[in-house]
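**Student:** This is the structure I have questions about; it appears just below.
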Amino acid sequence: KQEVTQIPAALSVPEGENLVLNCSFTDSAIYNLQWFRQDPGKGLTSLLLIQSSQREQTSGRLNASLDKSSGRSTLYIAASQPGDSATYLCAVSRAGKSTFGDGTTLTVKP
Amino acid sequence: GAVVSQHPSRVICKSGTSVKIECRSLDFQATTMFWYRQFPKQSLMLMATSNEGSKATYEQGVEKDKFLINHASLTLSTLTVTSAHPEDSSFYICSANPGGETQYFGPGTRLLVL
Numbered sequence: 833k834q835e836v837t838q839i840p841a842a843l844s845v846p847e848g849e850n851l852v853l854n855c856s857f858t859d860s861a862i863y864n865l866q867w868f869r870q871d872p873g874k875g876l877t878s879l880l881l882i883q884s885s886q887r888e889q890t891s892g893r894l895n896a897s898l899d900k901s902s903g904r905s906t907l908y909i910a911a912s913q914p915g916d917s918a919t920y921l922c923a924v925s926r927a928g929k930s931t932f933g934d935g936t937t938l939t940v941k942p
Numbered sequence: 043g044a045v046v047s048q049h050p051s052r053v054i055c056k057s058g059t060s061v062k063i064e065c066r067s068l069d070f071q072a073t074t075m076f077w078y079r080q081f082p083k084q085s086l087m088l089m090a091t092s093n094e095g096s097k098a099t100y101e102q103g104v105e106k107d108k109f110l111i112n113h114a115s116l117t118l119s120t121l122t123v124t125s126a127h128p129e130d131s132s133f134y135i136c137s138a139n140p141g142g143e144t145q146y147f148g149p150g151t152r153l154l155v156l
C-alpha cells in the first residue's frame, strides 16, 4: 500500500526566505507526482505536476524535483511571500488514483 | 485545460437527511471518476472509484450503503450521503480521468451536518 509522508508538518519562515518542502513515498511505481496548495476551507490548487519520466518542473518561484527511485520529491519556494502561506500537499498517482500526504502548513511572516 | 465542477460547493443539512453531490467533467468525457474525503486538519483519502455504467469500487472501511455513487454518464458522477450524521461532516472532492493517467480535481464540496 502506497504511503506518502511530508516533512515538516509545519513551517514558519520570515518573508523573503527560500524554503524546501519534502515529500517521500514508499512505492516507486507511480505515474506522476503532483504538488497542490490548499488554503483554509478551500479546495486544491494544482501547482506543479511531474511525470514519472521527468526530474523536475518549474513555475515562477516554484521548483519541484522528483527522484522516483528513492521515492522522494521536494518543492522549492524561492523568495517566500506572506501570500504563500497555505498548506502544501503532495500526491502520487497510479492507475488514476492519488495518494496524498498529510501536508506541510507554511506560514510566511511579513 | 480540463475543468471539473462540483455542485453544491457548500451544504448544511440536518442529521438524518440525505445529501447528493454532483461531479461533472465540463469539457471531456470521463469513464472513471474518483471521490475523496478530507476531515478537518487531515489529508485527502480516497473513498471510491466511480465507473461509468458499472458499480463503484469502494476503499476498505467506506460503507457502500451509506455513500451511494452513481456514474450515469461520461460526464457526471454523483455521491449521495444517505442518512447523514455529524461525523459525515467533511470536505468531499472528486477527480475525473479523461483517459490514461491524468486526472483533474474538482473544487470540492463542504458538507456540514447539524
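Residue numbers (our numbering), protein chains in the order written: chain H, 833 to 942; chain R, 43 to 156.
By construction, the Cβ of each residue, glycine as well, lies at the ideal position given by its N, Cα and C atoms.
(1) State buried or exposed for arginine 893(H), treating a residue as buried only when at least 16 other CB atoms are found within 10 Å of its CB.
(2) Touch check for the region 93 to 106 of chain R and the region 46 to 53 of chain R: three-plus C-beta pairs under 8 Å?
(3) Scan the region 44 to 85 of chain R and note each continuous beta strand (DSSP E) run of 3 residues or more that stays entirely inside, going in chain order.
(4) Just to confirm, is the Cβ distance from isoleucine 839(H) to valine 924(H) under 7 Å?
(5) If the cut is a Cβ gap below 7 Å, which residues of chain R does lysine 900(H) touch?
(6) Please report the Cβ distance between threonine 936(H) and alanine 841(H), rounded to the nearest whole angstrom; I am assuming they are in contact, meaning their Cβ atoms lie under 8 Å.
(7) Using a C-beta cutoff of 7 Å, does threonine 59(R) count as contacting chain H?
(8) Using a C-beta to C-beta distance shorter than 9 Å, which residues of chain R count as neighbours of aspartate 859(H)?
(9) State the Cα-Cα distance for the pair threonine 144(R) and glycine 928(H), rounded to the nearest angstrom.
(10) Looking at chain H, is there any beta carbon in it that lies within less than 7 Å of the beta carbon of serine 85(R)?
(11) Strictly under 7 Å for the Cβ-Cβ distance: is tyrosine 863(H) near chain R by that measure?
(12) Could you check whether the Cβ of phenylalanine 70(R) sits closer than 7 Å to any Cβ belonging to chain H?
(13) Are any of the Cβ atoms in chain H nearer than 7 Å to that of glycine 141(R)?
(14) Apart from the five residues on each side of it in sequence, which residues of its chain come closer than 7 Å, Cβ to Cβ, to threonine 59(R)?
(15) What's the C-alpha gap between leucine 921(H) and threonine 151(R)?
(16) Using a Cβ-Cβ cutoff of less than 6 Å, which residues in the same chain neighbour leucine 156(R) once the five nearest sequence positions on both sides are dropped?
(17) Under the three-state reduction of DSSP, which class applies to aspartate 871(H): helix, strand or coil?
**Tutor:** Taking the coordinates as given:
(1) Residue environment: arginine 893(H) is assigned as exposed (fewer than 16 neighbouring CB atoms within 10 Å of its CB, all protein chains considered).
(2) For the pair of segments examined, the region 93 to 106 of chain R was found not to touch the region 46 to 53 of chain R: the number of CB pairs separated by less than 8 Å stays below three.
(3) Runs of the beta strand (DSSP E) inside the region 44 to 85 of chain R: 46 to 49, 52 to 55, 61 to 67 and 74 to 80.
(4) Taking 7 Å as the Cβ cut-off, isoleucine 839(H) and valine 924(H) do not qualify as a contacting pair.
(5) Per Cβ cutoff of 7 Å: no residues; lysine 900(H) is ~14 Å from chain R at best.
(6) With a Cβ gap of about 6 Å, threonine 936(H) and alanine 841(H) count as contacting.
(7) With 7 Å as the cut-off, threonine 59(R) does not count as an interface residue toward chain H.
(8) At a beta-carbon threshold of 9 Å, none of the residues of chain R lie near aspartate 859(H); the nearest stands roughly 15 Å away.
(9) Between the C-alpha atoms of threonine 144(R) and glycine 928(H) there is a straight-line separation of about 7 Å.
(10) Between serine 85(R) and chain H, the shortest Cβ-Cβ separation is below 7 Å.
(11) Yes, tyrosine 863(H) lies at the interface with chain R (some Cβ there is under 7 Å from its Cβ).
(12) No - not a single Cβ of chain H is within 7 Å of the one on phenylalanine 70(R).
(13) Look at glycine 141(R): its C-beta is not under 7 Å from any C-beta on chain H.
(14) Excluding its 5 nearest sequence neighbours in each direction, threonine 59(R) has C-beta neighbours in its own chain below 7 Å: Ala126, listed in chain order.
(15) Here the C-alpha atom of leucine 921(H) lies approximately 18 Å from the C-alpha atom of threonine 151(R).
(16) Hits under 6 Å: Lys56.
(17) If DSSP states are grouped into helix, strand and coil, aspartate 871(H) belongs with coil.
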